[in-house]
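Chains G, H, S, L, E and R are the protein sequences, given in the same order. Sequence positions in the first sequence follow the working numbering and run 1 to 228. Sequence positions in the second sequence follow the working numbering and run 229 to 456. Sequence positions in the third sequence follow the working numbering and run 457 to 684. Sequence positions in the fourth sequence follow the working numbering and run 685 to 912. Sequence positions in the fifth sequence follow the working numbering and run 913 to 1140. Sequence positions in the sixth sequence follow the working numbering and run 1141 to 1368. Built from N, CA and C at the ideal position, the CB exists for glycine as well.
There are 6 protein chains.
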Amino acid sequence: MSVVITDPPRVPADIVGLFEPFGVATVHEAQGRTGLLASYMRPIYPGAKTQGTAVTVSIPPADNWMIHVAAEQCRPGDVLIVSPTSPSDAGYFGELLACSVVAHGAIGLVIEAGVRDVAALTQMRFPVWSRAVSAQGTVKATLGSVNVPVVCAGQLVHPGDLVIADDDGVVIVPRLKAADVLKASQAREQKENATRARLKAGELGLDIYGMREDLARKGLVYRPASGA
Amino acid sequence: MSVVITDPPRVPADIVGLFEPFGVATVHEAQGRTGLLASYMRPIYPGAKTQGTAVTVSIPPADNWMIHVAAEQCRPGDVLIVSPTSPSDAGYFGELLACSVVAHGAIGLVIEAGVRDVAALTQMRFPVWSRAVSAQGTVKATLGSVNVPVVCAGQLVHPGDLVIADDDGVVIVPRLKAADVLKASQAREQKENATRARLKAGELGLDIYGMREDLARKGLVYRPASGA
Amino acid sequence: MSVVITDPPRVPADIVGLFEPFGVATVHEAQGRTGLLASYMRPIYPGAKTQGTAVTVSIPPADNWMIHVAAEQCRPGDVLIVSPTSPSDAGYFGELLACSVVAHGAIGLVIEAGVRDVAALTQMRFPVWSRAVSAQGTVKATLGSVNVPVVCAGQLVHPGDLVIADDDGVVIVPRLKAADVLKASQAREQKENATRARLKAGELGLDIYGMREDLARKGLVYRPASGA
Amino acid sequence: MSVVITDPPRVPADIVGLFEPFGVATVHEAQGRTGLLASYMRPIYPGAKTQGTAVTVSIPPADNWMIHVAAEQCRPGDVLIVSPTSPSDAGYFGELLACSVVAHGAIGLVIEAGVRDVAALTQMRFPVWSRAVSAQGTVKATLGSVNVPVVCAGQLVHPGDLVIADDDGVVIVPRLKAADVLKASQAREQKENATRARLKAGELGLDIYGMREDLARKGLVYRPASGA
Amino acid sequence: MSVVITDPPRVPADIVGLFEPFGVATVHEAQGRTGLLASYMRPIYPGAKTQGTAVTVSIPPADNWMIHVAAEQCRPGDVLIVSPTSPSDAGYFGELLACSVVAHGAIGLVIEAGVRDVAALTQMRFPVWSRAVSAQGTVKATLGSVNVPVVCAGQLVHPGDLVIADDDGVVIVPRLKAADVLKASQAREQKENATRARLKAGELGLDIYGMREDLARKGLVYRPASGA
Amino acid sequence: MSVVITDPPRVPADIVGLFEPFGVATVHEAQGRTGLLASYMRPIYPGAKTQGTAVTVSIPPADNWMIHVAAEQCRPGDVLIVSPTSPSDAGYFGELLACSVVAHGAIGLVIEAGVRDVAALTQMRFPVWSRAVSAQGTVKATLGSVNVPVVCAGQLVHPGDLVIADDDGVVIVPRLKAADVLKASQAREQKENATRARLKAGELGLDIYGMREDLARKGLVYRPASGA
C-alpha cells in the first residue's frame, strides 16, 4: 500500500542545532559505529555539509512522482532521504524541485540514485549526497510512500531521524537516541582535542593508547633493514 | 576498413552558439530524452561546460594513434568524441595533444576511456568528459577511423552532431534535429522560468501540475503519524 | 610473521627534491611505463601533489593498528603506502592520525582503502590518494607488517621507493632507479617543451612524428563526406 | 552492545513447508514487491533453492567469530543471514562451518560477503547465496550480534523471518506476514497457471490483459517498415 | 514518439541457418571485429547458444510494457533485443513472457537489464543473455518503441539484423552484410582447422605466423634464467 | 626492455603432485594467508582445478603477441599467468592457443583479462581463471616479457612459483616455500579432519576452540527473545 505519513515526530530543532560542530565520523563513532550509509554516496560539491531531520521517500525506479508528494511534507530543517525500490541512476531531482523543497524548508537531499542540474544546485548551495549524477529524467506514473521506514544505501532510516552529512558521507541517528548521541559526540570531541595536542607534539599513539605491550604479546618483531 | 571522412557537414556555428544558455538536462528533455551518454562520463573539473560539433574517433583499446589523425580534421568549434573498440582506462589524451587540437580549433573532448595531465588541462580550461583519469600511456600501432558513426558511452554519435556537455554529463543532438531541439529548449526554458517563480513562492508541484486527483485515483493514502 | 623493518634505505632527499617539476605522467613515461597504481586511486582534493619516500604498511582489512606502528617509522619526507590484505573501504585514517604522522615528518598517504575526515585533511593540505572515502572506523586487533614489500593497487612497492602522486594518480619509482628516472624525466620534459611549441603553432603530430607514411602503408584511407 | 537473542519466534515449520512450490519471483510479487535482496547476491551453484527461518548475524568486516556463536542458535530449518558492518569479500564461511551448522539444523546461508570451499559446499548441496567467492580467511577478534534486526543486501531482516531463495535471488517475508503471503502466493500461482495455458496457445498479453486501448490512448503508433 | 515498426525485413532464414556451426568469436572476427556486445552480457546457463533475427525493443527503465507489444511482432526465428533507456537490473522478463514469445516463434532474448525465473527458463532451454538476474518486477506505465534502431550493451542493432550468441557473448551482424559475413566465417573456420592441426602437432604460432623476425626487430631479447 | 627468460627453475614436479589433495583455501591458510589473487578471478567452468608451475607473461592491453612467445616456453605441468599492463577485458586467449600450449605441456591459464571460446575450452577441460569472458580479439603489435616477476590480480608472481587454483580462486606459493607449505597443508588437513568429525557430531566451535570465555570477557550478552 502507498501511504504518506503526515507530520511524524522529529528530533527537536534545538538538539539538531547542537550537532553543528560534529562531522559524520565523530557522530558515527559516538553512536557505536552504526548508521553509516554506503561509501558510494558522495556529495555533489566539496564542503557540502548538513544536519537535519529525515523525510523519507520510498520510490519506484526512475519515477520521481513521490518527491513532489514529499515536498508538501517538508518542514524547516528537513533533509529528504530518497531510496528507489530497485537500482537506478536516473536524475530524479534537479533545480526546480530544489526550489520547491527549499520553499518548504528542506535543507538537503540524500538519494540512492541520480541527481541533475548539479551546477545550479551547487550555486544554490543546496547540498545533495547521491550515488550518481545524471541528466536522465524520470516519469510520474507509479506510487510509492512518504515517511515510512526505508533502507537507503544499506541503512534503515525512519522519518524524523537525524541526518548528518558532510564530505565523509552520511550517517543516520535514530530519533530517540539523538540526545544521547549528542552527549557522546561532545565527549568524544573533547577527548580528541586533548589527544590531538599530544599527537601534534610528537607523542605516538603507541604510547598514548598504551599499545606497545599488546603488540609485543601478539608477536610483533622489529628488525633493522639489512643492507642497502 | 579504416577510413577518415574529411569535412563532414556540421551543425552551423550560429545554431550551436544559441545553445549556450541551455544545460544538458534541458536539451535532453527538449529532444524527448534521447542522446544522453552513460552517467560514468564525468568532467575533469567542476564547472566544465561546452557545446560544439562532433569529430568522432573509433579507436583500438590503449592505442591513441587515431587521435593524432583526428587532430588534423578538427575545425573551430569541434568537440572530439573518442570511443575505444573494447574497454580501456588508459590515458589516451594529455596536455600535448590538447595543445595540438586547440591549435586546430577544438574546444573539448569526450572520451569513453582515460585522460591524463588533468592538472594542466584544468589550468588550460580545456574541458574533458571521461570514464577515468590515468597516467597510463598508449601505443600507436593500430588503425581506427575518424568521422564515422560511433557508439560512445551507450549513444550513437555521427560526425557533425551537436555535443552539449556540462557538470551533468554529455548529450548528443543529431545534426538535422539541432534547429528543432533549439526551439524546444527555448520553449522549455521559458516554461521552467514561470514554474520556478511559482515553486519559489511555495506553490507545490502537486498543484501546479494538477497531480492530486491522479494520486488519489491510484490509491495514495494520507495518514497522520501514530504516537511519538 | 609480523615484522617492522626499521630505517630502510630511502631515495636520498636531494634526488627526491629534483622530481618536483615532474608529474606522474612524465615520470611514468620516463621509466618505461611501469609502476603506475590502478586508476581507482584518486586524490581527496584537486591539485593534491606529493613526492616522497615510501613507508609501506601491510594491514588486515578494516584494522588500522599497524598505521599507529608505522607512524613511529616515519621520517621527514615519507609517504605512507597502505595496502589491506583483502579489499576494504573502511576509513583507516583520519585527521588525528594525520596530525601524528605529520609530527613525524610524513607528507602524504596512499591507501588502497578508505579515508575519513577529508574536509579536515583538505584544510591541512595533507594529500591522500585513496580508493574510497568513508567514515567507517576500524579496529585495532590484528598485526600486519611495516616496511616490507607490498602490492598496492596493482603495483609492487618496496620501502624507500620514490612515490610521485598528483591529480593523475600515483607512480612508484624503485629506489635504485630513481637517479636514472630523474635524468630520463628531465630529458623527456625538455623534448616535450620543444614539441609543445610546435603543436601550439599548429604543426601536427602526424608531421612532427612522421606518421603519415606508416598510416598509409597500414591502409588508412581518406574520403570526403558524401552529401549533407 | 553485542548481544545474542536466543530462541526468537520463527515462522512455524508447517507454514514454511507450504512455500516449497513457490519461487522467489512469485513470493516477491505476492507480498507487493517488497523484501528482495540486491541482485548481486548469487547462488554458488545452479539450482540452489531453500526456504527457512532467519538466524541473523551482524558481523565485523573480515571477522567470522559471530558465525560460530550463531551456530549454537541454529534450529532445524534455519537459514543464516550474515551481514558485515562494512563491505568485505573475505571468505567468512566454508565447509567446516557448514558441517557444524548442518549438525544443528541449518539448511542454508545468505551472506553479503564471501564464501569459500564452494566445491565441497556444492557436493554437500548446502546452498549459499553470497556476494563473492573467496578463499581469504577471516579473524576472530571482534564481537557482533546474533538475532538482531540486520540490513542485508539492502533489505531489513528480523530473526525468525521467512527466507526464500533460488536461482533468482533471495526474498525475505516478515514473520507475521508469512501466512498472508502464502495465500497470496497460492492465488498468484493459480492465476499464472491459467494465463500460462493461454499464452502457450498463442494468445497475447496485449489481449489477455486488455492493454491495447491503453497503449493507443498513450499514443503508440504502428507503422509498416519502409522498404527493404 | 513511440512507434512499432511491423514486419521489418530480416536476414533470410536459410542464411541464418548456415551460421549454425559458427561461434561468436568466429563471426566477430569474420566481420572485422565489429558488433560485439559488452562482456557483462552473460548467458543464464552454460551452453546457451542461438542465432536468429533481431526484434528490437527500446524500453523505459523497470517497465516491461513494450515487451508485451513486441511479442506480437515476433516471427519464427526471432531473437528479442531489449535495451532500457537508463540502467536497470529489474527482472523485465520471466517464464510467462517466455511462453508467450515462444508461441510466436521467438528463440531467444538479449536484454541489457535483468531477467527472472531463470530455473524455469533453463528447463525450457530458452536462452537469455542479460546483465543481471533479478526477481524484481517491472511496471506497465510508459511507452517505448519496437523495431527501431537501438543501442544495446554498446552496439547499434537494427531490426532484422542477425544475432549470434553463445557462451562467449553476443555479436550482431548487420542484415545486409550477413551473406558476406557467412562466407568470411566459413573461410575463417577452414583456415583455423588447418592451423589447429599444426598447433596440436606442436608447431608454434611463432613459426606458423612467421613472427620471429618481427619480434627480434622490435627488440625482444631471450636470456637464460640466472641461478636457481 | 622486453625479455624472455628461458627455463627458469620451477617447483619440482613431485612436490607439485603432492599438492593434489589440497584446495586453494587450505593452501592459502597453510602459508599464512598470503598469495591469494583477487576474488574477481573466476573459473570458466564449475569444478575447474589445477596445480602447476607458473610461466608468467607481462603483456600490453588488448595485445596477445607475447602469449605466442610464451607458448614456446611452456613445459609439462606449467600454468600460464598473464597480466596486462593496464586493465583490459579483451579475449586474449581461445581454443587455438589452448591447443598450442597444451601441445607444449601447459595445463591451465590464469589471466587478469578476458578469454574466449569458453565452450570449446570447457569441452577440452582446459581450466582458465579470468576476469572476464569476451569474444573481443586482440592485436599482435607490442612487446612484453615472459618469465619476469608480474603482479596478477593483486599478487606478485615469479616464474616457477606454484599455482593452485580451483572453484575458490587462485593462490600462488613462492617456489622456495613450496616444500614447507606442503607440510603445513598436510598438517592442516589432518587437523581439519579431526575437527570435521567433532563438528558433524554436533560439538560447537565455541567449545572445540574454547571461545566462550573470550566472548564473555569481551562483553557478549545472551538474552532471551522478548515476546512473540
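>> Would R:GLY1254 and R:ALA1272 qualify as a contact pair, given that the criterion is a beta-carbon distance under 8 Å?
In response: To locate residue 1254 of chain R, count along the sixth sequence from 1; it is residue 114. To locate residue 1272 of chain R, count along the sixth sequence from 1; it is residue 132. Going by C-beta atoms, R:GLY1254 is nearer than 8 Å to R:ALA1272.
>> Using the three-state DSSP reduction, which class does E:ALA1077 fall into: helix, strand or coil?
In response: Here residue 1077 of chain E corresponds to residue number 165 of the fifth sequence, with the count starting at 1. Strand.
> Which same chain residues, not among the five before or five after L:VAL832, have their C-beta less than 7 Å away from its C-beta?
Replying inline: Working through the fourth sequence from its first residue, we reach residue 832 of chain L at position 148. Closer than 7 Å at Cβ, skipping near neighbours: VAL687, ILE689, THR740 and SER742.
> When you compare each of H:LEU324, H:ALA266, H:ALA290 and H:PRO312 to S:LYS656 by their alpha carbons, which one comes out closest?
Replying inline: For this step, residue 656 of chain S is matched to residue 200 along the third sequence. Of the listed residues, the one whose Cα sits closest to S:LYS656 is H:LEU324.
>> According to DSSP, is L:VAL695 part of a helix, a strand, or is it coil?
In response: Counting from one through the fourth sequence, the residue named residue 695 of chain L turns up at place 11. Note: L:VAL695 maps to coil in three-state DSSP.
> Applying a beta-carbon distance threshold of less than 8 Å, which residues of chain E neighbour H:ARG261?
Replying inline: Numbered from its first residue, the second sequence carries residue 261 of chain H at position 33. Simply THR997.
> Can at least three beta-carbon pairs, one atom from the stretch 346-354 of chain H and one from the stretch 269-279 of chain H, be found at a separation below 8 Å?
Replying inline: yes
>> Can you check which of these residues, E:ALA937, E:ALA1099, E:VAL928 and E:ALA950, is closest to E:ASP1078 by C-alpha distance?
In response: On the fifth sequence, position 166 is the one that residue 1078 of chain E refers to. Taking only the C-alpha atoms, the option nearest E:ASP1078 is E:ALA937.
> What is the C-beta distance between H:VAL385 and H:ALA282, in whole angstroms, given that I count them as a contact (C-beta under 8 Å)?
Replying inline: Reading the second sequence from its first residue, position 157 is the one you call residue 385 of chain H. Reading the second sequence from its first residue, position 54 is the one you call residue 282 of chain H. Rounded, the Cβ-Cβ distance is 5 Å, consistent with contact.
>> For a test of the three-state rule: what should DSSP assign to G:THR34, helix, strand or coil?
In response: Against the first sequence, residue 34 of chain G aligns to sequence position 34. Three-state DSSP puts G:THR34 in coil, outside helix and strand.
> Nearest-angstrom Cα distance between E:VAL1083 and G:ALA141?
Replying inline: If you number the fifth sequence from 1, residue 1083 of chain E lands on position 171. If you number the first sequence from 1, residue 141 of chain G lands on position 141. For E:VAL1083 and G:ALA141, the distance between alpha carbons rounds to 35 Å.
>> Could you check whether the Cβ of H:VAL399 sits closer than 8 Å to any Cβ belonging to chain G?
In response: Indexing the second sequence from 1 puts residue 399 of chain H at position 171. H:VAL399 counts as touching chain G.
> Just reading off the alpha helix (DSSP H) that R:CYS1239 is part of, what are its end residues?
Replying inline: Here residue 1239 of chain R refers to the residue found at position 99 of the sixth sequence. R:CYS1239 -> alpha helix (DSSP H) spans 1235-1243.
>> Quick check for students: name the residue ranges of the beta strand (DSSP E) that lie wholly in the stretch 367-411 of chain H, counting only runs of 3 or more.
In response: 378-380, 383-385, 390-394 and 397-401
> Of the choices S:GLU476, S:GLY675, S:ILE567 and S:GLN642, whose alpha-carbon is the least far from that of S:VAL538?
Replying inline: Position 82 of the third sequence holds residue 538 of chain S. Comparing Cα positions, the closest option is S:ILE567.
> chain L partners of G:VAL16, CB-CB under 9 Å?
Replying inline: Taking the first residue of the first sequence as 1, we reach residue 16 of chain G at position 16. By Cβ distance, chain L contributes nothing, its closest Cβ being about 24 Å from G:VAL16, past 9 Å.
> Are the C-beta atoms of H:ASP317 and some chain R residue less than 8 Å apart?
Replying inline: Residue mapping note: residue 317 of chain H aligns to position 89 of the second sequence, counting from 1. Yes, contact with chain R.
> Near R:ASP1229, what residues of its chain come up, given a Cβ to Cβ distance below 8 Å and the 5 sequence neighbours on each side ignored?
Replying inline: Stepping through the sixth sequence from its first residue, residue 1229 of chain R is reached at position 89. ALA1253, GLY1254, ARG1271, ALA1272, SER1274 and GLN1276.
>> Spatial neighbours of E:TRP1041 within its chain, please: C-beta separation below 6 Å, excluding the five flanking residues on both sides.
In response: Start at 1 with the first residue of the fifth sequence, and residue 1041 of chain E comes out as number 129. Hits under 6 Å: MET953, PRO955, VAL1022, ALA1077 and VAL1082.
> Mapping DSSP to helix, strand and coil, what is H:ALA456?
Replying inline: As a position in the second sequence, residue 456 of chain H is number 228, starting the count at 1. Confidence in H:ALA456 is poor, its pLDDT being 46 and thus under 50, which makes the residue's placement unreliable; the coordinate value appears in the next sentence. If DSSP states are grouped into helix, strand and coil, H:ALA456 belongs with coil.
> Between the stretch 661-677 of chain S and chain G, which residues of the former have a C-beta closer than 7 Å to a C-beta of the latter?
Replying inline: none
>> My assumption, with CB atoms under 8 Å, is that R:ASP1218 sits in contact with R:GLY1175. Please give the rounded CB distance.
In response: As a first step, residue 1218 of chain R must be located in the sixth sequence, where it is residue number 78. As a first step, residue 1175 of chain R must be located in the sixth sequence, where it is residue number 35. No, R:ASP1218 and R:GLY1175 are not in contact; Cβ-Cβ is about 18 Å, not under 8 Å.
> Can you tell me whether DSSP reads H:GLU431 as helix, strand or coil?
Replying inline: Residue numbering aside, residue 431 of chain H sits at position 203 when the second sequence is read from its first letter. In the structure shown, H:GLU431 sits in coil (DSSP, three-state: anything other than H, G, I, E or B).
> What does L:GLY886 touch in chain E if you count any residue whose Cβ is under 8 Å from its own?
Replying inline: Along the fourth sequence, one-based indexing puts residue 886 of chain L at 202. ALA1015 and HIS1016, listed in chain order.
> What in chain S is Cβ-close to L:PRO745, meaning under 8 Å?
Replying inline: Walking along the fourth sequence from the start, residue 745 of chain L turns up at place 61. Result: PRO517, ALA518, SER544 and ALA546.
> How would you call E:LEU976, buried or exposed, if buried means at least 16 neighbouring beta carbons within 10 angstroms?
Replying inline: On the fifth sequence, position 64 is the one that residue 976 of chain E refers to. It is Asn, not Leu, that sits at residue 976 of chain E in the sequence shown. Buried.
> Quick one, are the C-beta atoms of R:ILE1155 and R:LEU1322 less than 8 Å apart?
Replying inline: Sequence index remark: in the sixth sequence, residue 1155 of chain R carries index 15 (1-based). Sequence index remark: in the sixth sequence, residue 1322 of chain R carries index 182 (1-based). Yes, the pair counts as a contact, with Cβ atoms nearer than the cut-off.
> If we count the other Cβ atoms within 10 Å of its Cβ and call it buried at 16 or more, is R:MET1141 buried or exposed?
Replying inline: Position 1 of the sixth sequence, counting from 1, holds the residue named residue 1141 of chain R. Result: exposed.
> Listing by chain order, which chain H residues have their CB less than 7 Å from the CB of S:GLU485?
Replying inline: Position 29 of the third sequence, counted from the first residue, corresponds to residue 485 of chain S. Correct list: GLY365.
> Among all the DSSP beta bridges, which residues are the ones paired with E:PRO955?
Replying inline: To locate residue 955 of chain E, count along the fifth sequence from 1; it is residue 43. In the DSSP output, where bridge partners are listed per residue, E:PRO955 has E:TRP1041.
>> So, with DSSP's three-state summary, where would you put H:SER413?
In response: Taking the first residue of the second sequence as 1, we reach residue 413 of chain H at position 185. DSSP places H:SER413 in helix when its eight states are reduced to three.
> What residues from chain L crowd round G:LEU156, counting only those whose CB sits closer than 9 Å?
Replying inline: By 1-based counting over the first sequence, the position of residue 156 of chain G is 156. Within chain L, the residues near G:LEU156 are PRO833, VAL835 and LEU840.
>> With a threshold of 8 Å between beta-carbons, can G:ALA228 be considered close to chain H, or not?
In response: One-based indexing of the first sequence puts residue 228 of chain G at position 228. In this prediction, G:ALA228 scores a pLDDT of 46, lower than 50, which makes its location untrustworthy; no coordinate-derived value is stated.
>> Please report the distance separating the alpha-carbon of G:LEU215 from that of R:PRO1299.
In response: The residue labelled residue 215 of chain G in the question sits at position 215 within the first sequence. The residue labelled residue 1299 of chain R in the question sits at position 159 within the sixth sequence. Approximately 36 Å, taken between the alpha carbons.
> Could you give the C-beta distance for G:ALA184 and G:ALA30, rounded to a whole number, given that I count them as a contact under 8 Å?
Replying inline: On the first sequence, residue 184 of chain G is found 184 positions in, with the first residue counted as 1. On the first sequence, residue 30 of chain G is found 30 positions in, with the first residue counted as 1. About 4 Å separates the two Cβ atoms, so the contact holds.
>> Tell me which residue opens and which closes the beta strand (DSSP E) that E:LEU1132 is part of.
In response: In the fifth sequence, the residue the question calls residue 1132 of chain E occupies position 220. No beta strand (DSSP E) contains E:LEU1132, which DSSP labels as neither H nor E.
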